Structure formats: C-alpha cells, structure tokens
Amino acid sequence: MMSSADAATALPTPTAKPNTSAPSLDELTERVAGAVASDDTAGETAQKRASLSSGTSTSSSDSPIDAKIIGGSETTITSAPWMAQLWYYDEDQDLGFFCGGAVIAPTKILTAAHCVDGYDWHANGTVITGTSQLPTTVTNDDGSTSTDFHGGTLSGVWRQWDHPSYDEDTIDNDIAVLTLPNPVKATPIKMTTSGDTASYAEGTQAKVYGWGRTSSTSDDISDTLKTATLPVRTDATCADAFLPGWFIKGHMVCAGEPATGSDEGTNSACNGDSGGPLVVNNRVVGVVSWGVEDCVAAGAYSVFSKVSTYVGVTYPRVDDTDISGDGKADLFLRKDSTNVGYVKESKGTSFTARESWGSWAGLNVVLQTDLNRDGYQDFVVRRSSDGDVFWMHYVPATDSWANKQIFDNWKSRKRIVTPGDVTGDALPDLLSVDSAGVLWIYPGKGNGSFSTRVKVGSGWSQYNSVRGHGDFTGDGKADLIVRKSSTSDIYLYKGTGKAGTGAFSSRVKVRNWSSYNAFVAPGDVTGDGKADFLARTKGGTLYLYKGTGKATSEIFATRISIGTGYDQYDLFG
Numbered sequence: 303m304m305s306s307a308d309a310a311t312a313l314p315t316p317t318a319k320p321n322t323s324a325p326s327l328d329e330l331t332e333r334v335a336g337a338v339a340s341d342d343t344a345g346e347t348a349q350k351r352a353s354l355s356s357g358t359s360t361s362s363s364d365s366p367i368d369a370k371i372i373g374g375s376e377t378t379i380t381s382a383p384w385m386a387q388l389w390y391y392d393e394d395q396d397l398g399f400f401c402g403g404a405v406i407a408p409t410k411i412l413t414a415a416h417c418v419d420g421y422d423w424h425a426n427g428t429v430i431t432g433t434s435q436l437p438t439t440v441t442n443d444d445g446s447t448s449t450d451f452h453g454g455t456l457s458g459v460w461r462q463w464d465h466p467s468y469d470e471d472t473i474d475n476d477i478a479v480l481t482l483p484n485p486v487k488a489t490p491i492k493m494t495t496s497g498d499t500a501s502y503a504e505g506t507q508a509k510v511y512g513w514g515r516t517s518s519t520s521d522d523i524s525d526t527l528k529t530a531t532l533p534v535r536t537d538a539t540c541a542d543a544f545l546p547g548w549f550i551k552g553h554m555v556c557a558g559e560p561a562t563g564s565d566e567g568t569n570s571a572c573n574g575d576s577g578g579p580l581v582v583n584n585r586v587v588g589v590v591s592w593g594v595e596d597c598v599a600a601g602a603y604s605v606f607s608k609v610s611t612y613v614g615v616t617y618p619r620v621d622d623t624d625i626s627g628d629g630k631a632d633l634f635l636r637k638d639s640t641n642v643g644y645v646k647e648s649k650g651t652s653f654t655a656r657e658s659w660g661s662w663a664g665l666n667v668v669l670q671t672d673l674n675r676d677g678y679q680d681f682v683v684r685r686s687s688d689g690d691v692f693w694m695h696y697v698p699a700t701d702s703w704a705n706k707q708i709f710d711n712w713k714s715r716k717r718i719v720t721p722g723d724v725t726g727d728a729l730p731d732l733l734s735v736d737s738a739g740v741l742w743i744y745p746g747k748g749n750g751s752f753s754t755r756v757k758v759g760s761g762w763s764q765y766n767s768v769r770g771h772g773d774f775t776g777d778g779k780a781d782l783i784v785r786k787s788s789t790s791d792i793y794l795y796k797g798t799g800k801a802g803t804g805a806f807s808s809r810v811k812v813r814n815w816s817s818y819n820a821f822v823a824p825g826d827v828t829g830d831g832k833a834d835f836l837a838r839t840k841g842g843t844l845y846l847y848k849g850t851g852k853a854t855s856e857i858f859a860t861r862i863s864i865g866t867g868y869d870q871y872d873l874f875g
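Per the numbering used here, the sequence shown runs over residues 303 to 875.
Quick look at the structure:
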C-alpha cells in the first residue's frame with residue numbers, strides 16, 4: 303500500500319499516442335486476396351541472374367531473381383513458430399507478390415530488402431503469422447467466397463526499414479525489417495551474433511524455410527510450409543560458382559549441394575521463399591536473397607544475406623527509442639522551472655520544435671526504452687519521494703498508457719540505465735549502480751519484469767555518468783559510455799552479449815570531455831543503424847555525436863550543434 307504522501311505524487315500520463323492507424327481485418331483480407339491473385343515478383347528491377355557457372359553469360363529471360371524450396375519436406379508451424387507470410391497488393395499499380403519473413407521480436411519481421419525497398423507496406427501490406435498453411439479461397443453454400451487463414455493472425459505494417467545501402471542491381475545489403483502495429487503471439491527467433499563464425503563453417507547443416515516454388519517447371523508455390531537442410535559453403539566455393547562480382551564475400555553466404563540441373567536431386571530455395579530465414583541452432587544466420595533462374599541450374603547454390611554482418615545495423619530497428627515511428631530515435635527532456643516534459647522528434651541531424659507532454663513533476667530519473675519490444679516507446683522513471691521505479695508503457699488494446707512498479711525504494715541507486723539487450727537473449731535489460739558502486743544487470747523477461755539480478759563488478763562509483771542505449775560498435779550488442787569523475791575521461795564498455803562479470807570488455811578510452819555537464823544516449827538519432835550520443839555544455843549548447851560503429855577514439859564523428867538553451871532542462875531521456 304502507498305502512503306498518502308506517495309499517493310499524492312501521481313505519475314505523469316503522457317498525452318501522446320502512437321499513430322499506427324492499423325487497417326481493419328476486412329482491408330487486410332482484401333490485400334491478401336489481391337496478392338494471391340497476382341503473379342508479380344518482389345524486386346522486379348533487380349539484376350536478372352541465370353547461370354551460376356563461371357564464364358557463362360546471363361539469360362535473356364525476363365524472370366527476375368528470387369528464391370524457392372525445391373526438394374526438402376513439409377513442416378509445421380510448431381517446428382518454426384516464427385515463420386511469417388508477407389503479402390503485398392497495390393490495387394492502383396495492379397501489383398501483388400509474396401515473400402517470407404521471420405518474427406525476431408513481438409512486432410518485428412526480418413526479411414529481404416528486395417521485398418521492401420520501393421514498396422509501401424503500410425498502405426498495401428499484410429503479414430500473417432501462426433500458421434503453416436497459405437490462405438485458401440472457400441466457396442460458401444450461397445455461392446459467395448471467403449478466405450480461410452487456417453488459424454493465422456493477420457497484421458498490418460506500421461513502418462518499414464531496409465538497409466540504406468541496399469543495391470537492387472547487385473542485390474547487396476539485402477536485409478529489411480517490418481514493424482507491426484501490435485505484438486503477435488508467435489515465438490520470436492533470435493538473429494545470430496556478429497562474432498558467429500561457427501555457423502558459417504564449411505559443411506554446417508542449416509535449414510531454410512518457406513512457401514516458395516517446389517518445381518523448376520511450375521510457378522505454383524507450396525500451400526504448406528516447407529524446409530530443406532542445406533550445408534553451408536565457403537566463400538571461395540560460392541564465388542567460384544557465379545560470374546565475377548555476383549557473390550559478395552562478407553555480405554552473402556551460400557548453402558546447399560550443387561543443383562543437378564533438374565528438380566530431381568536438388569534441394570534449393572526458390573521463388574516465393576525470398577526474405578525467409580536460414581537457421582542454424584535456432585538462430586537466423588541468413589535471409590533468402592537470390593539464386594539462379596528456375597533455381598536448379600547445374601552447379602547452382604542458394605544465396606542468402608549474411609545476418610552476422612547485418613545484426614549491428616538491424617539492432618536499432620528492433621530495440622529503438624523512436625517515439626514518432628519514423629526510424630529515428632527521438633529525445634525526451636524536462637524543463638527545470640516548470641517540470642513540464644517535452645519530446646523533440648529527430649530529423650536526422652536536428653530536432654523539431656518541442657512538443658509538450660504535460661507535467662513530469664516528482665521524478666528524478668526518466669529513461670527512454672522499450673522493455674516489451676512492442677515497437678512503442680516506453681519510459682522507466684524513478685519517483686523522488688520514495689525511490690520507487692516504474693515502467694510506463696503504451697497499451698495498444700486500450701489506446702492508453704499504463705504504469706507498473708518494477709523496483710522498490712531505489713533512492714540510493716547512483717545510476718539506472720536502459721541500454722537494451724545486454725545478455726544476448728534478444729530481450730531488453732536494465733542496469734543499476736548501487737550505493738557501494740556495484741554494477742548490476744537485471745535481465746529482462748520481455749514483459750516489463752526481470753529475472754534475479756546478476757553482479758557485473760564494483761568500482762562504478764568513479765563515474766559521474768553511465769549512459770547507453772543501443773550498439774555503439776556495430777556488433778549487435780548493447781554498450782555503455784561512461785565518464786570518470788576525476789579526469790573527465792570518456793570510456794567505452796563494449797558489450798559481449800553475456801551476463802555477469804563478463805558482460806563488458808575492458809574499458810577503452812575514447813574521449814576527454816570536461817566541458818560537458820550532461821549526456822544522453824537516446825539510440826539511433828540519425829537513422830543510419832548506429833547508436834548516437836548527445837552532450838550538453840555548461841553554457842547550454844547541445845551537440846550530437848554521430849556514431850561511427852568503431853570501438854576506438856573514432857567512435858564518434860565530428861560533433862554537430864543541435865542548438866542552445868538546453869541548460870533549462872534538468873532531465874533527459
């Protein structure tokens with residue numbers, strides 16, 4: 303029970319609501335029906351590829367590259383609960399196609415950039431999860447027709463992201479993420495880590511999943527989810543199988559036995575499987591990207607985007623502090639004299655005029671985060687009167703904000719940080735420094751609650767700032783940026799993806815910043831896939847330090863002035 307004094311200190315109620323504008327079930331159903339009736343292919347402007355044999359010429363056929371599963375066997379959604387169907391239909395363009403994808407967080411679908419780039423998924427897309435069957439048309443007793451989704455869940459798309467350097471001609475950087483307006487019940491699958499080499503060793507048995515074509519002689523895709531086991535091949539083998547420049551080492555991986563030239567004896571991805579996952583040890587190591595025309599040319603392999611290379615740039619799309627939903631981390635701040643909270647929307651290298659979010663009095667910590675990975679901006683706040691810590695989060699079902707107490711009497715905690723996933727389980731964590739200077743990890747469960755805390759180490763009282771949100775080094779692991787009180791030296795603690803004493807590598811000095819008196823790490827402000835940092839001078843000028851992804855003194859680019867007058871704010875997200 304709260305005392306009367308505590309009860310008087312009401313938590314703020316944000317007035318802003320995410321603008322997801324989710325389409326109705328009828329509209330989603332119509333989109334799927336339109337896509338089912340279409341025969342277009344995603345990425346039609348991409349370079350056409352036919353032969354995998356070195357020295358041969360490309361085909362003059364108009365069939366674009368894509369991928370399917372030939373051979374293999376049928377499987378169930380129980381075996382691959384994270385599989386997603388991506389249906390796209392633009393009535394005005396008379397354009398419809400199908401791709402695969404994988405649920406990597408409750409509202410996040412990992413897929414291929416050629417399935418996303420140039421298409422408006424918010425206006426025209428539908429994602430289906432929770433079923434191994436493609437939709438079928440049913441004729442009712444009265445002669446009308448309806449669509450059977452076989453127990454699947456239909457979702458619209460709130461926002462989309464594809465790799466900013468995706469090249470439709472070379473199919474390079476072929477990776478994308480769709481964000482859904484509401485969490486789905488499908489069990490997510492983790493992406494592999496940047497340091498994973500074992501999954502890409504020659505002969506590693508990987509599984510590809512999809513609903514794509516099952517024959518080189520028919521355009522029909524599979525009504526039931528299929529899987530095939532493909533051995534991973536070396537970069538040298540993959541490069542030798544294609545014309546020069548087709549296979550890009552480090553960005554792509556190929557897998558399978560050499561195709562036989564016909565369906566018989568061939569196991570391969572094919573048209574319709576694009577965007578689907580290549581899985582090793584229950585982690586996504588590849589995304590179906592491209593192959594040869596009709597998928598069975600002698601010597602051919604299936605080609606995938608190499609997820610270990612892209613997990614860093616993809617990480618901010620999964621764990622973000624994007625209040626407005628445009629793919630860039632926004633900034634929360636509170637005015638000292640009035641306790642009014644404001645949000646400034648990122649425009650990349652600047653921020654919009656502030657938007658009032660009402661009174662945020664009675665708090666001495668406000669942190670931006672997304673503890674339940676639902677794609678909506680959350681807050682972790684600490685109440686001044688009793689030190690209780692709360693999770694404030696938006697609830698789409700009720701279109702309202704809810705508060706949940708997560709810690710009791712944390713008055714003496716010197717620092718609280720919401721950096722994202724520290725432990726490598728794809729769930730957001732929380733860190734704190736206690737009165738003795740010990741750093742603790744509170745492993746998140748993905749629902750605003752936490753497992754038993756784990757001790758990282760002592761000596762953290764020497765820092766007067768401990769900040770972090772996201773990945774500063776480009777490896778897909780959450781890092782910390784700290785400042786030493788006695789010297790004003792800035793250090794990077796690179797995350798390892800582990801819990802306990804091994805959670806961070808040895809600190810690396812990256813700057814000396816004595817002229818600043820406040821710091822904030824909102825995430826990826828610029829939208830380039832790298833975590834950024836903000837610092838305020840004693841005179842009130844706020845600077846943006848764009849992340850470079852380097853774990854050295856070059857970790858930040860040359861600072862960009864955001865503006866003056868920021869000394870009026872006492873709390874930053």
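Even glycine gets a Cβ: it sits at the ideal position worked out from N, Cα and C.
Quantities reported herein were computed from a predicted structural model and do not represent experimental measurements.
Nearest neighbour of residue i, chosen from the options [CA to CA]
i: T529; options: G689, N321 and E376; result: E376
i: S658; options: C556, K646, E332 and M385; result: K646
i: T536; options: L527, H553, G629 and D450; result: H553
i: T789; options: G770, W815, G797 and A801; result: W815
i: L330; options: G445, A382, W460 and N641; result: W460
i: G750; options: A837, S760 and F681; result: F681
i: T775; options: Q870, G614, A382 and L729; result: G614
i: F634; options: T499, S687, Q670 and S763; result: Q670
i: P698; options: T409, T539 and F752; result: T409
i: T866; options: E504, T839, A557 and S340; result: T839
DSSP three-state assignment for residue i, whether helix, strand or coil
i: G761; result: coil
i: E376; result: strand
i: Y511; result: strand
i: A801; result: coil
i: P320; result: coil
i: G497; result: coil
i: A878; result: Outside the displayed span of the chain (303 to 875) sits residue 878, for which this structure offers no information.
i: T860; result: coil
i: R755; result: coil
i: R715; result: coil
i: K350; result: Note that K350 has pLDDT 42, beneath the 50 cutoff, so the model's placement of it is unreliable and no number is given.
i: Y644; result: strand
i: Y502; result: helix
i: Y845; result: strand
i: D869; result: helix
i: A488; result: coil
i: D575; result: coil
i: A557; result: strand
i: D680; result: strand
i: I367; result: Note on I367: pLDDT 36, under 50, position unreliable in the model; the coordinate value appears next. In the structure shown, I367 sits in coil (DSSP, three-state: anything other than H, G, I, E or B).
i: A382; result: coil
i: D624; result: coil
i: L313; result: coil
i: T568; result: With a pLDDT of 44 at T568, under the threshold of 50, the predicted position of this residue should be treated as unreliable, though the coordinate-derived value follows. Residue state, collapsed to three classes: coil.
i: A738; result: coil
First and last residue of the uninterrupted beta strand (DSSP E) at residue i
i: E657; result: E657 to S661
i: L733; result: D731 to V735
i: L836; result: D834 to T839
i: L580; result: P579 to V582
i: N819; result: Y818 to G825
i: D791; result: D791 to Y795
i: R585; result: R585 to W592
CB of residue i within 8 Å of CB of residue j, strictly
i: F874; j: V822; result: yes
i: K713; j: W693; result: no
i: G842; j: A833; result: no
i: D731; j: N711; result: no
i: V756; j: P745; result: yes
i: V724; j: I743; result: yes
i: P579; j: A425; result: no
i: G593; j: V581; result: no
i: R619; j: V479; result: yes
i: V587; j: T489; result: no
i: V642; j: V667; result: no
i: G458; j: T428; result: yes
i: G664; j: R685; result: yes
Alpha helix (DSSP H) segment containing residue i, residue limits
i: G614; result: V609 to V620
i: A530; result: Note, A530: premise wrong, no alpha helix (DSSP H); beta strand (DSSP E) at K528 to P533.
i: R333; result: L327 to V338
Please give the ranges of any beta strand (DSSP E) in the segment 391-477, keeping only runs that are unbroken, at least 3 residues long and fully inside the region. 397-407, 410-413, 427-431, 438-441, 447-450, 455-457 and 461-464
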